[in-house]
Structures are given as structure tokens and as C-alpha cells.
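Residue numbers (the numbering used here): 87 to 1049.
Every residue, glycine too, gets a C-beta built ideally from N, C-alpha and C.
Report on one structure; see the data block that follows.
What follows is the structure in C-alpha cells.
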């Protein structure tokens, strides 16, 4: 029988009863000083039997009733559950007790009075204090109540067994009271948990803990709920978990667990109801035993590295309890037929998205599933192409709320049949397919629909003029990258809950309704980029209300920017319009602005000192305008990560405008900046430094060599002189493992959170709120190329061309094995081409033209298999032009202007000395080509005669003398 505690409120009644029973006070005078927690230790085991009956205790009311049939009075003390107003026991009850049970009562009272054990068990208290120390050592803040004083059963997030007082549950996460430093990791040794033998629930989620020694879990035989999600677990799944056969819920989401999930890890967990392993690095195939667990209700293995087949087939005896199946974001392959789910009568959610090689078949004529899905996500699979054209399965699912068929190249017409009067769909994403048709037929009012994403299709027509009546509760509308035309309907402003509106990359005309900028209380993102929209920029509005991101780029907006612009904007992209006038930010109130992009307009004048007040800006692009004069000297330099001021007429020195410790990308090309480059030594985070076509002078500082994140350096068309520092060859020119480029963001990628009936583990609509920066122009392979976002990962190069650099080219430059482009043309370099250039194994473009180089072209350069463009024109080179490997494809204009450089022709003997060492096969071919049989015979006879004469003189000298 489970013991029931003696409540503190019942203690006075217990005292009265004890005093009556003994005739004198049983309790000492200092009873009043005992803690209530001590009295909660007073419990008695067994049954109270009166004959064949027992006390029936109503645990809700605290009342017990007893009967005495046949006058039997053998008494065994029962567990007590007393209410403050209903004391169950009196002196009469005490007298009914046997002598041994009176002794037992006395011992229990004595145990409490002596304070032998009050509250939780000391062993468990010590373990909790050790956990507290682990938290504090990681600069974290444990709950205030974990002070070491009082009954630890009353501590925050600790719950004990009401009778025996061992800790049953610990909940150290999810409530936000434990704050963990990002830079620290809580080192938690799970062996301390071996003290909690009665533990049933352990929740240590979202604590960034580095957990060790999972063997400490093995003794927790009663553990039913284990949540270690959101920590820093690494290695494989601990084998000790497989021994906890009482487990019902395992949650190891969002860790760094790797290795395979094997049959032995799950086969014994017959009571398991939920398994959460999302967002780890688990690999290998899925274990078949996982799909045979009889009580499994929820299975989430998404966002791992699993591969191979899903181990089910047409004979799969699905768990009758299974409700959720999530296998998205893996590399699963093979075939998966929905008919195999026919026995899963309670199934509600399926997510197989992001398995590009998984063939999903949904067609089975005549089959009507027993289940009714709420969520169906099949984005980015090899999905049955007929699912839209012949939607037999979808028509059987009348309770569908979340449908995602995006990224499948599905053909067919716009599925307006999904949005009928009876439709329950809340979330519909059919983006990035090949659907056509129009939205004009969407005339049925959709009260449920909150998200509609039909982007990246071929939808035509216009948005309904009464769109607010058709979709009154929309929160996200994305129709971008289609062929939708007409004007933006004014009724959009009547959809008051909308958070994200993306109309970009269509053929909209006219003006943007001013109410889109001012009247919405929930709108966070507005995108109308790449249309044919015009009118005043921002429709004349100056207060942008609650908008986080505004994208009006690549349209025909005109006018000047308001001088009193205000709002909560994080990103404002207005590039590629006809905005004119001066940039006056004197009265701007945009304290949260992180990205301002005004490139490609007609802005004029100086950049005034007031611009320095935009202290949150991380990305600033004012390129391709008509700004002039020096940059302001900010007393507090701007913490910019990205600065593009190219193609203006700016002058002076640029370094007083931005904080050099933050800048990662700096493009000042095509301006009139002057001075030396000593300031670049402070650019500790720089990765792209483009100073092309300015008036910088002096030497290239050797401090450039310390900029280890460098990927692109363009100093071309300046007045730099002196030699190139050899240490530049030590710059790795590669993406370093610990390097992360920081792009401006609104601080969150999820919108539409809180969709009704959405699974708690589902992300809301994921929207990439990071700003996609404009491209950079970098000259390589003889032509200027504009690189988009991929430049940060794919391009590495140096351009020192068109300066006054001199001396020999340092051989150390050959150490740059990852560089793809090197341009040293139009300088005054002397000496020979370093043979070490053969070590630049990834080089694609090498331009050494218009210098004063001498000597041959090193034959070692023929090893450069990636070389596409090569020029040494207009130097003083001599010898032969290599004609093997990549060099066989270069035209003679790569070598012109070198009078002593000759093209090697077949059979030519003038280039032999400068050619590469001949291989054995080449020598053998040469011998066969020059073979002359008469010369060979004469040579052989001469050799024989010479050999005989030598032998004769050596062994027969006497005969020779006589002769």
C-alpha cells in the first residue's frame, strides 16, 4: 500500500490524540519548534483492519470510515490522510491498537522529535546542491530557492513523493528561470542522479549542458519522462537509456548526437510513447524495431542524416496509437506508399519533407483511409506528380489544416478546389512548383486560411479586388515570383492580422497604397521588389508604424526621402529606383535600423555628420549614386559589418567613418579617396577589401598579411608603389572553420506563430529574414564579373593590377593553394616567373602581362589543371611556349609582345632545352621516330671490332709483338 503523509494542519489533532492516549503529554514542550517538514515524515505502513473490513479513505475529502463486524479489534496502523477539520483518530482508536503498534507509533514520533531526517533525503539534497554548483560554475543562475536551506521538496521545479519524500521529478528547463551564459557550458555529470532512485521525471532541457557519464541514469528504473533537449550532448545515443524500460517519453532534440540509431537502442523500450530526436547528427539507416514499438504515439527523427529506406511495407502492422510521424530533413530514399499506413487509424500528422530521393506514392484507387490527417508536409520529395491533377487521396482528408506540397515541380492548374466552403485549411504552401492558372476563381470565403504561399509558380491574372473578404484572417500572403499583374488592391489594408506580404517579382503596376505603410498594426514584412510600381517613394509616408522590413527595390519610385522618417524598421531596401535629392537624416528616428540600401538611385550632395546617429546600422549600401566630398568623421564610429560606397565621387580618407574592428566587407571602388593604406591594419575581421580605382598611394603594408579572414583583395588602378610583401603568401584564402559571416536580420525567421492546432514542435512559417546583399564586381579572367551571395564562399582572389609596384614577384605567393584569381598586370615587376606558382592548384585566372619579366615560362605551370585564362603578354620572356595540358588551349595573344618567346612546333628542336623533362614514354617515342637502320648497323660493327681488338691486346700480347 502506498503511504499517505500526515499533513501539517493535522498535527495539532494528532498531538491531542497522543496526549489522551498516554494520559500525559507524549510530545515534549519543544514540539512547537519542530518544522512542519518533520511531521510530514510521520507515516505508517500497512492496513487498518477491523475484522474483515478496513478503513476506506476518501483521498479527495480526507474522510475515513470504519466498521467492526464480529467484534474483532485486531488493529494495524494504516497510512494516514487527515484533513484539518476531520481528525480520524481519538484516544479510543489508540486504545484499540495492539501493543506493538503503539511501540511503532512512539518510535515514529521519537524519530521526528530527534530531527533524524526532516524533509527530503539528505543524499538527494547533496545531489541537488551539486547540480546547483554546476550551474553556478557555468555563470548560470539557478533558481533562488536552491539555497541549501529548508526542505528541498519545496524548492522550485522539484517535486517529491508525498509520503516517502524521495525526489520524483526535477524540472530545470522550460520556465526561463535558469539563465545560461552563451559562452559557457554546464558540465553536468549524470552520476549524481543515481541518488534519486524514485525519480520519474527528469527535465534538463535548454540549458546548453555538456552532459557526461550517462551511466548515472541506469539506476533510475522508475524514470518515465526524460527531457535533455537543447543541450550540448555529443557522441552516440547512450546505451544506458535503452535499459530504462519504464520510459514513456524521450526528448533529445536539438543536441549534437551522432552515430547510428540501432535496434538495440530501442527494442526494449516497449512502454515508449514519444521519441523526439529532431535536429541532431544521427546517421545510418532507420532501425526496424523502432516501427514495431507497440505503444508509440509520436516519432520525430527530422533534421538528421539518416539515409536508406523507411523500414515499412505493405504488411506493416502499424501501432494503433501512432498519431505523429516526422522524418523530414534527412536523406531517405526508396519508396514510401501511403497505402502502407492503412492500419494507422489514429494518424494525424505526417512530415516527410526534405528527402529529395524519397519517392512518395499516394495513389491507390478505391482506398479510403481510416485516419483523418490534420498535417501533411511533403515538401522537397519525389512526390507523385498527379497529386494535384488527380487528388484522390487529398479529397478523402476533410479535416486537413496544414498542407505543404512545395518544392516538388508539380504540374497542373492552381488547385482552387482546395479552398471550398467546407475547407478547414489553415496553412497552404504550394510554392516552387509548375502550377499555372489564376487566382480569379478564388471566390469562396476562407475564414480558416491564415497562410497562403503560391510563390515561384506561373500564376497569372490579378489579385481579387475584394481580397480582404475572401481571406479575412490571412497572416501570411506570398505570391512572389509569378506573373500576376494589375494594381495592388486597396482592400489588402483591411486584413488587419497580416504579418508578411510578399508581392515581389511580378508585374504589378501603379502605386503602393499608402495604408500599407501606416495603417497595419501587425504587418512586419512588406516586399514589392522587382515590379513596375511607381509614384512617390514610401507613398509620401514618414511614419512606418510597425514594419520591420521594407523592400521597394527595382521599381520606378521617385522623389526624395522624408527628413523625419521614423518607425521600428530593421531593414529598408530602396535600391534601383529614381530617388533623388540630398540624403538628410537629421530628424530620422530609426533606432533599430540595421540595413539601409539606397544603391542605384540619383542621390547627391555630401553624406552629412547626422548620419553618424544611425548607430545600429550594420549594412550600408550607398553605391552607384552621385555623392561627393569626404565621409563624415564620426565621434562614435558606426559598427558596420558591410559598407559599399562604390561608384560615387567621395574623397578624403575613409577610415574615420566606420569602426575597423567590425567591418567585414568594404567596397570603396570607383571614388576619389586618397592617402596611404596604413589604416587597413585595424581591419581584423575583413574578408572582402575592394579599393579599385581610387588615388591611394604608398606601399602595400605588410600588416595585410595578418588579415587571416581575407578572401578578396582588389587594390587595382591606384598609385601604389614598392614591392609586394612576401608574407601575403601566408594568407590562407579559404573559409576558416570558425568563421561565420554575420548578415543583418530582424532577429527572427519565424512568422505566423501560434497557428491553431499546430504541433508544438513544428516551426511556424519559416521566412529567411536575413538580407540578401547585392553583388560585388571583381575582375577576373580578363573581364569584370558581378558575384552574388556565393562570392563569400566560392571566390578567392587578388588584384594588384595597374599600380606602380616593382621588384621581383615573391615566390611565397605560390603558397596560396586555394586562390582562384591573381592579377599582377600593368606594373613594373622584374625577374622570372616563380616556379612555385605551380602550387596554386585551384588557380583559374593568372595575369602577369605588361611587366618586365624575363626568362622562360616555367614548365611546372603545366600542372595547373584548373587554369582557364593565362596571360604573360608584353614582358621580356624567352624560350618556348608550353603546349601541353591547359597551355595547349591558350591563344597566342596570351604571349604577344615577348620577342624572344617562341611557339613550339612539332619536330622543332629549338625549344628542347626549355621543355619539361621527358618521360620514358616520350623518350621511347623519340628513339623510334629517329631510327636509322644503316647508321645502327655501322655502329654495331664498330662496337664489335673495338671489343675484339681490346680482347686481343689484353690476352695475346706476345702474338702482337711478333707481328
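Query raised in the report: Can you tell me the Cα-Cα spacing of residue 422 and residue 415, whole angstroms?
Result: For the purposes of this step, residue 422 is identified with residue 336 of the chain shown, where counting begins at 1. For the purposes of this step, residue 415 is identified with residue 329 of the chain shown, where counting begins at 1. Taking the straight line from one Cα to the other gives about 15 Å.
Query raised in the report: Buried or exposed: which applies to residue 465, given that a residue is buried once 16 or more other Cβ atoms fall within 10 Å of its Cβ?
Result: Position 379 of the chain shown holds residue 465. So residue 465 counts as buried.
Requested in this report: Taking only the alpha-carbon atoms, compute the straight-line gap between residue 460 and residue 411 and give it to the nearest angstrom.
Outcome: Sequence index remark: in the chain shown, residue 460 carries index 374 (1-based). Sequence index remark: in the chain shown, residue 411 carries index 325 (1-based). The straight-line gap from Cα to Cα measures roughly 12 Å.
Requested in this report: Evaluate the contact criterion for the region 230 to 238 versus the region 292 to 309: three or more CB pairs, one atom per stretch, below 8 Å.
Outcome: no
Report task. Pick helix, strand or coil for residue 894, following the three-state DSSP scheme. Result -> On the chain shown, residue 894 is found 808 positions in, with the first residue counted as 1. The answer is strand: DSSP assigns residue 894 an E or B state.
Query - residue 208 - containing alpha helix (DSSP H), residue span - result: To locate residue 208, count along the chain shown from 1; it is residue 122. Residues 208 to 223.
Query raised in the report: Taking the alpha-carbon positions, what's the residue 688 to residue 905 distance?
Result: Your numbering for residue 688 matches position 602 in the chain shown. Your numbering for residue 905 matches position 819 in the chain shown. One C-alpha to the other measures close to 37 Å.
**Report entry** Sequence-distant residues of the same chain with beta carbon closer than 7 Å to residue 495, five excluded per side
**Finding:** In the chain shown, the residue the question calls residue 495 occupies position 409. So the qualifying residues of the chain are 519, 520.
Query - Residue ranges of each beta strand (DSSP E) within the region 463 to 551, 3 or longer - result: Entirely contained in the region 463 to 551, the beta strand (DSSP E) runs reaching 3 residues are, in chain order, 488 to 490, 497 to 499, 513 to 515, 520 to 522, 537 to 539.
Requested in this report: Can you grab the Cα-Cα spacing for the pair residue 215 / residue 232, in whole Å?
Outcome: Sequence index remark: in the chain shown, residue 215 carries index 129 (1-based). Sequence index remark: in the chain shown, residue 232 carries index 146 (1-based). Their backbone Cα atoms lie some 7 Å apart in a straight line.
Requested in this report: Throw me the rounded Cβ distance for the residue 511 and residue 487 pair, which I believe falls under 8 Å.
Outcome: The sequence position of residue 511 within the chain shown is 425, counting from 1. The sequence position of residue 487 within the chain shown is 401, counting from 1. Going by Cβ atoms, the distance from residue 511 to residue 487 rounds to 6 Å, so yes, they are a contact pair.
Query - Rounded separation between residue 910 and residue 745 - CA only - result: The residue labelled residue 910 in the question sits at position 824 within the chain shown. The residue labelled residue 745 in the question sits at position 659 within the chain shown. Near 30 Å, if we compare the C-alpha coordinates of residue 745 and residue 910.
Query raised in the report: Counting only runs that start and end within the region 337 to 377, where is the beta strand (DSSP E) found for 3 or more residues in a row?
Result: 342 to 346, 360 to 362, 367 to 370
Report task. Pick helix, strand or coil for residue 980, following the three-state DSSP scheme. Result -> Taking the first residue of the chain shown as 1, we reach residue 980 at position 894. Reduced to three states, the DSSP call for residue 980 is helix.
Requested in this report: Below 6 Å CB to CB, which residues in the same chain sit around residue 568 once its five sequence neighbours on both sides are set aside?
Outcome: Position 482 of the chain shown, counted from the start, is the residue given in the question as residue 568. Only 543, 545, 592 meet the Cβ criterion.
Query raised in the report: Taking buried to mean at least 16 other C-beta atoms within 10 Å of its own C-beta, is residue 530 buried or exposed?
Result: As a working note, residue 530 is residue 444 in the chain shown. Counting Cβ neighbours within 10 Å, residue 530 comes out exposed, since fewer than 16 surround it.
Query raised in the report: Does the Cβ of residue 453 lie closer than 6 Å to at least one heavy atom of the ligand GDP?
Result: Summarising the ligand content, the structure contains no ligands, and the ligand GDP is consequently not present.
**Report entry** In chain order, each beta strand (DSSP E) run of at least 3 residues that lies wholly inside the region 576 to 631
**Finding:** Runs of the beta strand (DSSP E) inside the region 576 to 631: 586 to 588, 593 to 596, 611 to 613, 618 to 622.
**Report entry** Beta-carbon spacing of residue 399, residue 375 below 7 Å
**Finding:** Position 313 of the chain shown, counted from the start, is the residue given in the question as residue 399. Position 289 of the chain shown, counted from the start, is the residue given in the question as residue 375. In this structure, residue 375 does not lie closer than 7 Å to residue 399 by Cβ.
Query raised in the report: Which residue spans inside the region 922 to 989 form an unbroken alpha helix (DSSP H) run of at least 4?
Result: none
Query raised in the report: Excluding five sequence neighbours on each side, which residues of the same chain lie with their C-beta closer than 6 Å to the C-beta of residue 432?
Result: Translated into the one-based positions of the chain shown, residue 432 becomes position 346. For residue 432, where only same-chain residues beyond five positions count, the Cβ hits under 6 Å are 409.
Query raised in the report: Any contact of the region 965 to 978 with the region 919 to 929, i.e. 3+ C-beta pairs under 8 Å?
Result: no
Query raised in the report: Got a sec, what are the start and stop residues for the alpha helix (DSSP H) residue 554 sits in?
Result: Translated into positions along the chain shown, residue 554 becomes position 468. For residue 554, the uninterrupted alpha helix (DSSP H) run begins and ends at 553 to 556, by DSSP.
Report task. Leaving out five residues on either side along the sequence, give the residues of the same chain with a beta carbon under 6 Å from the beta carbon of residue 547. Result -> Against the chain shown, residue 547 aligns to sequence position 461. Excluding sequence neighbours, residue 547 sits near 524, 525, 526.
Query raised in the report: Going by DSSP, what residues sit across from residue 642 in a beta bridge?
Result: Taking the chain shown and counting its residues from 1, one reaches residue 642 at position 556. Per the DSSP secondary-structure output, residue 642 pairs in a beta bridge with 620.
Query raised in the report: Considering only residues of the same chain and omitting the five flanking positions on each side of residue 446, which have a CB-CB separation below 7 Å?
Result: Along the chain shown, one-based indexing puts residue 446 at 360. Beyond the five residues adjoining it in sequence on each side, residue 446 comes within less than 7 Å, by CB distance, of 422, 438, 464, 467, 468, 469, 470 in the same chain, given in chain order.
Requested in this report: Name the one or two DSSP bridge partners that residue 863 has.
Outcome: Here residue 863 refers to the residue found at position 777 of the chain shown. Looking at the DSSP assignment, residue 863 forms a beta bridge with 872.
Requested in this report: Could you check which residue in 670, 628, 586 has the C-alpha nearest to that of residue 634?
Outcome: Position 548 of the chain shown, counting from 1, holds the residue named residue 634. Considering only alpha carbons, the answer is 586.
Report task. Leaving aside the five residues before and after residue 696 along the sequence, list all residues of the same chain whose C-beta is less than 7 Å from its C-beta, in chain order. Result -> Your numbering for residue 696 matches position 610 in the chain shown. Cβ neighbours of residue 696 beyond the five flanking positions: 671, 672.
**Report entry** Whole beta strand (DSSP E) elements within the region 300 to 342, 3-residue minimum
**Finding:** 311 to 313, 335 to 337
Query raised in the report: Whole-angstrom Cβ separation of residue 758 and residue 737, contact assumed at under 8 Å?
Result: Within the chain shown, numbered from 1, the residue matching residue 758 stands at position 672. Within the chain shown, numbered from 1, the residue matching residue 737 stands at position 651. Right, their Cβ atoms sit about 4 Å apart.
Query raised in the report: When the Cα atoms are used, what is the spatial distance from residue 346 to residue 315?
Result: Mapped onto the chain shown, residue 346 falls at position 260. Mapped onto the chain shown, residue 315 falls at position 229. For residue 346 and residue 315, the distance between alpha carbons rounds to 18 Å.
Query raised in the report: Who pairs with residue 908 in a beta bridge, going by DSSP?
Result: As a working mapping, residue 908 is identified with position 822 in the chain shown. The secondary-structure analysis by DSSP pairs residue 908 across a beta bridge with 884, 932.
Query raised in the report: Under the three-state reduction of DSSP, which class applies to residue 722: helix, strand or coil?
Result: As a working mapping, residue 722 is identified with position 636 in the chain shown. Correct three-state label for residue 722: coil.
Query raised in the report: Which residues bound the beta strand (DSSP E) around residue 758?
Result: Locating residue 758 in the chain shown gives position 672, counting from the first residue. Note, residue 758: beta strand (DSSP E), 758 to 761.
Report task. Determine the contact status of residue 675 and residue 652, defining contact as a CB-CB distance below 7 Å. Result -> Locating residue 675 in the chain shown gives position 589, where the first residue counts as 1. Locating residue 652 in the chain shown gives position 566, where the first residue counts as 1. Yes, the Cβ-Cβ distance between residue 675 and residue 652 is below 7 Å.
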